[in-house]
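For reference, the structure discussed in these notes is given below.
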Amino acid sequence: MPNNHLYDHDIVSIKDFTKQDLEFIFRSTDKISTLRPNEKSELGKGRTLGYIFYEPSTRTRMSFEAAMASLGGSSIGIFDPKSSSIEKGESLADTIRIIDLYSDVIILRHPLDGSSRFAGELSRNPIINAGSGSEEHPTQAMLDLYTMLKEKKKINNLTIGIVGDLKYGRTVYSLLYALANYNVEVHLISPSILGIRKESIYDIRKKLKLYEHSQLEDILPKLDVIYVTRIQRERFPDIQEYEKVKGTYTIDNNILTKAKPDVSIMHPMPRMEEISHSIDDTNNAIYFKQAAYGKELRAALLALVLNENPI
Amino acid sequence: MSDSSQLLVRRIKDGTVIDHIESAKALVVLRALDITGREGNVITVALNVPSSKHGKKDIIKVENRFLETGETNKLALIAPHASINIIKDYKLVEKRKIQLPDSIVGIFRCPNLKCITNSEEHISSTIDILDKEEIILKCRYCARTLTSDELVF
């Protein structure tokens, strides 16, 4: 596999990846996920993944750990800062320098914007950003696009609705930058209080066909994909405002009757009441597949970061 | 250097004269250049000097120090119209305008309070200039796009 630009490099921002880079990752994911277990387990043999999660995580951490195990490697790390010297006030810089001594690749989730770029400057081994503040979650965006590619058989010419908390949700910004590499139409649907931060999409505002709405029904029949995010109650200064909007975008069987029959519902998870459990078993609901693709794509990323020529 | 206001402060033999600083910005310029006075050389600061071009201006004279282009370009967002005059043996040997650099390290704080550069970590803020015509800036760490008015000094 020539031109593996990911080898020994950080994955800090989706903005650092071109369309060619993304498609290389998707092809690599296809190839690596079909390797026989004994072939796959050579790709991370004897290597250690170190993770530090300053914020809670279920899928990201577990999928990275499962991915590393599938490559024959092992994982160590901190998922509860209170049980480590972080609780004693140890800096991020020192924590990174220490885990760098014990690991071959580092997965970091941190509440501050720019934390992964800072960590990447300190670490000898590659850093993979698993969520930095409300700024970025690049591997989520990669797996989101990979999910669209697998389930819709294309990314170009899709009409995609992104619904919910567009202001604070970091997955949304990484997803928009990733989608800006493709010819897609994106409809942003949110209450005005949770609208997109314009200053955070400066680079792509002319590249993407972006439309803003406050009502999902306005655009629902056109959408090929509905990407739902959680409306975060804790962000609302007035709880009554939250109560007004919390059910506005609930995706349920009634909504599906007004949408295209083959519309796909995605969610970075965790989902709360914004997606009704009643649609979990429909063909439209692909959020559990999305989580499964996450493990495969992250295995490919680890293989590419750890090996110059993984396949 | 022909401006009569120059006579308000004495001529210098060797050093740097920063002229045409926007009125009342000289102290900010000193801070940006990390000129504290502790260096020991003579520094003359004149505020609100009458100016035929701008009405009022500030002037800074730093004796026995020749400020490099990389240093004075840091002023591009603070005093974009300032001119830098390098004096050797009482003669003007170089006159240059300020040019916007590709990035500015450690001068401004990112206005995003959730940016890692505003934390207790040992890290210098780094502001990259995306567009030198429209003056569009970007924090290298949190990637937030900024205008010069938003920068925190």
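Chains A and B are the protein sequences, given in the same order. If you use our numbering, the first sequence corresponds to residues 50 to 360, in order. If you use our numbering, the second sequence corresponds to residues 2 to 154, in order. Yeah, the Cβ is synthetic: ideal placement off N, Cα and C, and Gly gets one too. These numbers come from a predicted model, not from an experiment.
Phe154/B, buried or exposed, once every other Cβ within 10 Å from all chains shown has been counted against 16: Residue numbering aside, residue 154/B sits at position 153 when the second sequence is read from its first letter. That one is exposed.
Buried versus exposed call for Ile177/A [16 or more other C-beta atoms within 10 Å across all chains shown]: Here residue 177/A corresponds to residue number 128 of the first sequence, with the count starting at 1. Under this definition Ile177/A is a buried residue.
Short CB-CB distance (under 8 Å) between Lys133/B and chain A: In the second sequence, counting from the first residue as 1, residue 133/B sits at position 132. No - not a single Cβ of chain A is within 8 Å of the one on Lys133/B.
C-alpha distance - Glu261/A paired with Ser239/A, whole-angstrom precision: The residue labelled residue 261/A in the question sits at position 212 within the first sequence. The residue labelled residue 239/A in the question sits at position 190 within the first sequence. Rounded to whole angstroms, Glu261/A to Ser239/A spans 8 Å at the Cα level.
CB contact below 8 Å: Arg145/B versus chain A: The residue given as residue 145/B occupies position 144 in the second sequence. Taking CB atoms only, Arg145/B has a neighbour in chain A less than 8 Å away.
Short-range partners of chain A found in the stretch 103-123 of chain B, where Cβ spacing is below 9 Å: Cβ contacts with chain A come from Cys111, Asn113, Lys115, Cys116, Ile117, Thr118, Asn119, Ser120, Glu121, Glu122 and His123.
Contact between the stretch 116-136 of chain B and the stretch 32-50 of chain B (3+ Cβ pairs under 8 Å): As far as the Cβ criterion goes, the stretch 116-136 of chain B does not touch the stretch 32-50 of chain B, which means the pair count is below three.
Three-state class that DSSP yields for Lys39/B in the structure shown: By 1-based counting over the second sequence, the position of residue 39/B is 38. Looking at the sequence itself, residue 39/B is Arg, so the reference to Lys does not match. DSSP places Arg39/B in coil when its eight states are reduced to three.
Cβ-based burial, Glu323/A [other Cβ within 10 Å; buried from 16]: As a working mapping, residue 323/A is identified with position 274 in the first sequence. The residue is buried, with at least 16 neighbouring Cβ atoms inside 10 Å.
When Ile81/A, Leu198/A, Ser263/A and Tyr217/A are compared against Leu351/A, the one with the closest alpha-carbon: Looking up residue 351/A in the first sequence gives position 302. Per the Cα distances, Ile81/A.
Integer Cβ distance of Glu104/A from Pro187/A, believed to fall under 8 Å: To locate residue 104/A, count along the first sequence from 1; it is residue 55. To locate residue 187/A, count along the first sequence from 1; it is residue 138. Not a contact, Cβ separation roughly 16 Å.
Helix, strand or coil at Asn49/B [DSSP, three-state]: The residue you call residue 49/B lines up with position 48 of the second sequence. Annotated three-state conformation of Asn49/B is strand, per DSSP.
Residue of Leu224/A, Ser164/A and Gly218/A minimising C-alpha distance to Ser181/A: Here residue 181/A is taken as the residue at index 132 of the first sequence, counted from 1. For Ser181/A, the nearest C-alpha among the options comes from Ser164/A.
is_contact[Tyr91/B, chain A] using C-beta, thresh 8 Å: Numbered from its first residue, the second sequence carries residue 91/B at position 90. Closer than 8 Å: no.
CB contact check: Phe102/A to chain B, cutoff 8 Å: Counting from one through the first sequence, the residue named residue 102/A turns up at place 53. Closer than 8 Å: no.
Distance between Val312/A and Leu305/A (C-alpha atoms, nearest Å): Your numbering for residue 305/A matches position 256 in the first sequence. Your numbering for residue 312/A matches position 263 in the first sequence. Rounded to the nearest angstrom, the two C-alpha atoms are 8 Å apart.
Separation of Glu345/A from Ser124/A, as counted between CA atoms: Translated into the one-based positions of the first sequence, residue 124/A becomes position 75. Translated into the one-based positions of the first sequence, residue 345/A becomes position 296. Roughly 17 Å between the two C-alpha positions.
Run of the alpha helix (DSSP H) containing Glu170/A, from where it starts to where it stops: Against the first sequence, residue 170/A aligns to sequence position 121. Boundaries of the alpha helix (DSSP H) harbouring Glu170/A: Ser164 to Leu171, taken from the DSSP string.
Beta-carbon proximity list for Leu224/A, same chain, < 6 Å, skipping 5 on both sides: Taking the first residue of the first sequence as position 1, residue 224/A is located at position 175. Cβ within range, chain order: Ala190 and Asp193.
The stretch 233-248 of chain A touching the stretch 82-91 of chain A, judged by at least three CB pairs closer than 8 Å: The stretch 233-248 of chain A vs the stretch 82-91 of chain A: no contact.
Gly163/A at chain B interface by Cβ criterion, 8 Å: On the first sequence, position 114 is the one that residue 163/A refers to. It does: the Cβ of Gly163/A has a partner Cβ on chain B nearer than 8 Å.
Alpha-carbon spacing of Thr127/B relative to Arg145/B, whole angstroms: The count along the second sequence starts at 1 and reaches residue 127/B at position 126. The count along the second sequence starts at 1 and reaches residue 145/B at position 144. When rounded, the distance between both Cα atoms is 12 Å.
Runs of beta strand (DSSP E) wholly within the stretch 238-278 of chain A (minimum 3 residues, chain order): Segments of the beta strand (DSSP E) lying fully in the stretch 238-278 of chain A: 258-262 and 274-277.
Leu28/B in three-state terms, based on DSSP: Indexing the second sequence from 1 puts residue 28/B at position 27. Here Leu28/B sits in helix by DSSP.
Within 8 Å of chain B by C-beta, residues of the stretch 121-139 of chain A in sequence order: Listed by position, the residues of the stretch 121-139 of chain A near chain B (Cβ gap below 8 Å) amount to none.
Integer Cβ distance of Val221/A from Leu265/A, believed to fall under 8 Å: For this step, residue 221/A is matched to residue 172 along the first sequence. For this step, residue 265/A is matched to residue 216 along the first sequence. The Cβ separation is near 15 Å, so there is no contact.
Nearest residue (CA-CA) to Lys58/B, options Gly38/B, Leu101/B and Glu23/B: The residue given as residue 58/B occupies position 57 in the second sequence. It is Glu23/B.
Spatially closest choice to Ala229/A from Ser90/A, Arg279/A, Ile253/A and Lys307/A, by CA coordinates: Position 180 of the first sequence, counted from the start, is the residue given in the question as residue 229/A. That would be Ile253/A, whose Cα lies nearest to the Cα of Ala229/A.
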